[in-house]
Amino acid sequence: MNLYELKSKEIMPGYHGKLVHGEQMSWVFWDVEKNAVVPEHSHMHEQIMHVVEGTFEFTLDGKTDTYGPGDVVIIPSHAPHSGKAITACKLMDIFSPVREEYR
Numbered sequence: 881m882n883l884y885e886l887k888s889k890e891i892m893p894g895y896h897g898k899l900v901h902g903e904q905m906s907w908v909f910w911d912v913e914k915n916a917v918v919p920e921h922s923h924m925h926e927q928i929m930h931v932v933e934g935t936f937e938f939t940l941d942g943k944t945d946t947y948g949p950g951d952v953v954i955i956p957s958h959a960p961h962s963g964k965a966i967t968a969c970k971l972m973d974i975f976s977p978v979r980e981e982y983r
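The opening position of the sequence shown corresponds to residue 881 in my numbering, with each subsequent residue numbered one higher.
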């Protein structure tokens with residue numbers, strides 16, 4: 881498998897992901913459009929978000945911060961969170977267990 885050959889899917893408006901699934905986790909490489917919003921939500925999956933490029937505003941459990949290249953956020957299972965791309969961004973998310981709805 882080569883990441884550059886994977887087809888991108890628009891999972892939600894402005895969030896274009898290349899998805900890789902193992903037995904116990906999913907790894908998503910996002911290209912995010914400027915001003916694209918992820919509404920507040922939660923899920924059973926533990927998630928780790930990494931900002932590769934750009935500026936991303938992220939709210940976790942009601943606390944909002946702005947993140948840039950190299951920043952990592954650990955999102956516990958069932959924790960409410962939301963986000964907005966302040967600029968165009970490249971993000972990576974890891975989910976465990978697998979995000980079946982992203983297959």
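The beta carbon of each residue, even a glycine, is placed where N, CA and C say it ideally should be.
Residue range of the beta strand (DSSP E) that includes residue i
i       : result
Pro-919 : 917-921
Asp-941 : Here Asp-941 belongs to no beta strand (DSSP E), and DSSP marks it neither H nor E.
Met-972 : 969-976
Three-way DSSP call (helix, strand, coil) for residue i in this model
i       : result
Glu-933 : strand
Leu-883 : helix
Glu-890 : strand
Glu-866 : Outside the shown range of the chain, which is 881 to 983, sits residue 866, and nothing can be said about it.
CB of residue i within 8 Å of CB of residue j, strictly
i       : j       : result
Gly-948 : Val-931 : yes
Met-892 : Val-918 : yes
Val-912 : Ala-965 : yes
Leu-940 : His-923 : no
Glu-937 : Gly-963 : yes
Pro-977 : His-921 : no
Straight-line Cα distance separating residue j from residue i
i       : j       : result
Leu-883 : Ile-928 : 19 Å
Asn-915 : Gln-904 : 32 Å
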